[in-house]
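*Asks:* Each residue of the sequence shown is one higher than the last, beginning at 1338 in this note's numbering. Quick one: the structure is below, and I'll ask about it shortly.
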Amino acid sequence: MYRKNAWNKYKKDLSEVMNFAEGYKDFLSFGKTERLVTIYAERLLKEKGFKNIDEVKSLKAGDKIYVINKNKNVCAFIIGKKPLEEGLRILGAHIDSPRIDFKENPLYESNGFALADTHYYGGIKKYQWTARPLALRGVIIKKDGTTVDFNVGDDPKDPVLGIGDLLIHLSADQLQKPGAKVIEGEALDITLGNIRFDEEKDAVNAKKYILNLLKEKYDIEEEDFVSAEIEVVPAGEARDYGLDRSMVAGYGHDDRSCAYTSLKALLDTKKVEYTACCILVDKEEIGSVGATGAQSLFFENTIARLFNLLGKQDALYLARVAMTNSKMLSSDVSAGFDPLYPSVNDSKNAAYLGFGLVFNKYTGSRGKSGSNDSNPEYYAWIRKIMDENKVNWQNAELGKVDQGGGGTIAYILGNYNMNVIDAGIPVLNMHAPMEIVSKVDLLEAYKGYIAFLSK
Ligand code: MN
Ligand code: MN
């Protein structure tokens, strides 16, 4: 159902919409980092009978398996009736979100404060991250290999952390700066503490005080931050948004809203002809690079591994054949039309909250540069499936021509010569510490993804 208000379908009873969002809020509140999303995803997969590929000796139709790559990247499959080389139905979302990372050597002392130096990750409007409660989530790996879970600020009993901003009274110079410079990258440092003792004997500065605390609580030394991933993220849980509770406010809807609906769709799909697959990748926000990003050979190697387990020779060659014959929805969010900023969109080609799953034929910027431009033959096939299954869907471009732009993982899988189109959920405040999605769009995306996997 193209460009129709999806709330109409649930007019008599909103409970299906509201209940689905409860599961999502739990996922989003837990999944503050890609590692945490991976843990949550594995829990859901196990509950539904999916087995870790390491425990499997061979595969047959109907088998459910998953693979985890370096604790930050998940692939899950339901083996189809059709031969694997005829292709897969793939849902691919990313589970990293814009944030602020600790530097390798973060701790310092300044004017009686202990602070942590940071380097932001992904595209952020830096001024949005100051003067608000933040949490530290991540891991510290000690030299002996032990993993220390570092987790402060999300439990209501925890302290919160934050980044200072200048008081309005002394901001005359600051407020003359352009938005991109109001808060500069090196000013995004985290305040860690202020207790210090400066008696002549046994003087302890604020940094030393924090180091003592860390030693006591986590048994870590300053040098251990070198081999750590500490992510600074907004503190607190996902919440209902709006007096009518129609939306969810939370951190990381980009792209965990599509990750959740894609994974749930795989978990809940009853019957598949072709092998169904959900991949959750890392590093999309910085170009899908590295071992856990979409450009990694991990996915291709995993498909080859499936062929091995199916008893086939030439597994790598067959993996390429299977990928060429695959169909994919690149499950990534779209920019929702914001009534406060209508001028950046072409209203005929904008995504509206409440109108369901959004298809983006292309992404990119400035003359579609860097875009995966989906083939119309494939797009036609997809919209038929959506309509047959009464899924509310819409189309969008990311803003007016030359207004900006953005990319997804679509073109990377497109390089395998498979058919790919972007299909996701419209988001307001994208990349801000508090993003917004509509509950009814979550549900329509989930239903659309199931329809796709089942076809
Ligand atoms: Mn995204
Ligand atoms: Mn993004």
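Each residue gets a CB set at the ideal place from its N, CA and C atoms; glycine is no exception. Keep in mind it's a predicted model, so treat the numbers as computed, not measured.
For the beta strand (DSSP E) that contains aspartate 1581, what are its first and last residues?
*Replies:* Where aspartate 1581 is concerned, there is no enclosing beta strand (DSSP E), given that its DSSP letter is neither H nor E.
*Asks:* What are the boundary residues of the beta strand (DSSP E) that glycine 1429 is part of?
*Replies:* 1425 to 1431
*Asks:* Run through DSSP, which three-state label would glycine 1630 get?
*Replies:* coil
*Asks:* Reducing DSSP to helix, strand and coil, say where glutamine 1511 ends up.
*Replies:* DSSP places glutamine 1511 in helix when its eight states are reduced to three.
*Asks:* Determine the DSSP secondary structure at serine 1352, reduced to helix, strand or coil.
*Replies:* helix
*Asks:* Which whole runs of the alpha helix (DSSP H) in the segment 1730 to 1791 are 4 residues long or more, in chain order?
*Replies:* 1747 to 1751, 1776 to 1791
*Asks:* Between which two residues does the alpha helix (DSSP H) harbouring valine 1681 extend?
*Replies:* Careful: valine 1681 lies outside any alpha helix (DSSP H) and carries neither H nor E.
*Asks:* Measure the C-alpha to C-alpha separation of aspartate 1759 and leucine 1452 and round it to an integer number of angstroms.
*Replies:* 41 Å
*Asks:* Only counting runs of 3 or more residues, tell me where the beta strand (DSSP E) segments fall wholly within the segment 1466 to 1507, in order along the chain.
*Replies:* Along the segment 1466 to 1507, the beta strand (DSSP E) occurs as fully enclosed runs of 3 or more residues at 1471 to 1478, 1484 to 1489, listed in sequence order.
*Asks:* Could you tell me if the beta carbon of leucine 1622 falls within a distance shorter than 6 Å of some heavy atom in ligand 2?
*Replies:* Reading the sequence as shown, one finds glutamate at residue 1622 and not leucine. Yes; taking the cut-off as 6 Å, the Cβ of glutamate 1622 has a heavy atom of ligand 2 nearer than that.
*Asks:* Going by CA-CA distance only, name the one from Gly1744, Leu1365, Gly1530, Thr1606 that's closest to serine 1447.
*Replies:* Gly1530
*Asks:* Following a CB-centred definition, is valine 1670 positioned closer than 6 Å to any heavy atom of ligand 1?
*Replies:* yes
*Asks:* Based on the DSSP secondary-structure assignment, which residues constitute the bridge partners of glutamate 1568?
*Replies:* According to DSSP, which records beta bridges pairwise, glutamate 1568 is partnered with Asp1438, Arg1474.
*Asks:* What is the residue span of the alpha helix (DSSP H) that tyrosine 1613 lies within?
*Replies:* According to the sequence displayed, residue 1613 carries alanine and not tyrosine. Looking at the DSSP string, alanine 1613 is not in any alpha helix (DSSP H); the run it does join, the beta strand (DSSP E), is 1612 to 1618.
*Asks:* Expressed to the nearest angstrom, what Euclidean distance is found between the alpha-carbon atoms of leucine 1600 and leucine 1507?
*Replies:* 49 Å
*Asks:* Verify whether the separation of the beta carbon atoms of tyrosine 1611 and glycine 1368 is less than 7 Å.
*Replies:* Going by C-beta atoms, tyrosine 1611 is not nearer than 7 Å to glycine 1368.
*Asks:* Please report the straight-line C-alpha distance between tyrosine 1535 and tyrosine 1377, rounded to a whole angstrom.
*Replies:* The question names tyrosine, but residue 1535 is aspartate in the sequence shown. If you take the alpha carbons of aspartate 1535 and tyrosine 1377, they lie about 46 Å apart.
*Asks:* Beta carbon of serine 1684, beta carbon of cysteine 1595: below 7 Å?
*Replies:* no
*Asks:* Is DSSP giving glutamate 1446 helix, strand or coil here?
*Replies:* strand
*Asks:* Count Cβ pairs between the segment 1692 to 1710 and the segment 1742 to 1761 that sit closer than 8 Å; are there 3 or more?
*Replies:* yes
*Asks:* Run the CB neighbour count on histidine 1456, radius 10 Å, all protein chains shown included, and call it buried at 16 or more, exposed below.
*Replies:* exposed
*Asks:* Under a Cβ-count criterion, where at least 16 other Cβ atoms within 10 Å of its own Cβ denotes burial, should asparagine 1549 be classed as buried or exposed?
*Replies:* exposed
*Asks:* For proline 1443 versus aspartate 1454, is the C-beta distance shorter than 7 Å?
*Replies:* yes
*Asks:* Taking C-beta to C-beta, are valine 1688 and alanine 1733 nearer than 7 Å?
*Replies:* Per the sequence presented here, residue 1688 reads as alanine, with valine not at that position. Closer than 7 Å, so yes.
*Asks:* Any contact between the segment 1549 to 1569 and the segment 1739 to 1748? By contact I mean 3 or more CB pairs, one from each, below 8 Å.
*Replies:* no
*Asks:* Could you give the distance in angstroms between the alpha-carbon of valine 1764 and the alpha-carbon of glutamate 1392?
*Replies:* 39 Å
*Asks:* Could you tell me the boundaries of the alpha helix (DSSP H) in which glycine 1530 lies?
*Replies:* Segment 1527 to 1530 is the beta strand (DSSP E) holding glycine 1530; no alpha helix (DSSP H) there.
*Asks:* Using DSSP with H/G/I as helix, E/B as strand and the rest coil, what is valine 1609?
*Replies:* coil
*Asks:* Report whether the distance from the Cβ of aspartate 1591 to the nearest heavy atom of ligand 2 is below 6 Å.
*Replies:* yes
*Asks:* Please name the residue in Leu1428, Arg1576, Thr1484, Lys1776 whose C-alpha comes closest to that of asparagine 1729.
*Replies:* Lys1776
*Asks:* Please state whether DSSP places alanine 1656 in a helix, a strand or coil.
*Replies:* In the three-state scheme derived from DSSP, where H, G and I count as helix and E and B as strand, alanine 1656 is classed as helix.
*Asks:* In its own chain, which residues sit with a C-beta less than 8 Å from the C-beta of glycine 1588, not counting the 5 before and 5 after it?
*Replies:* Here residue 1588 turns out to be tyrosine, not glycine, going by the sequence shown. Only Leu1365, Lys1369, Ser1434, Val1570, Pro1571, Ala1575, Pro1770, Met1771, Glu1772 meet the Cβ criterion.
*Asks:* Taking Cβ positions, are isoleucine 1415 and valine 1609 nearer each other than 7 Å?
*Replies:* yes
*Asks:* Take tryptophan 1344 as the anchor and find which of Asp1778, His1431, Ile1722, Gln1632 has the nearest alpha-carbon.
*Replies:* Asp1778
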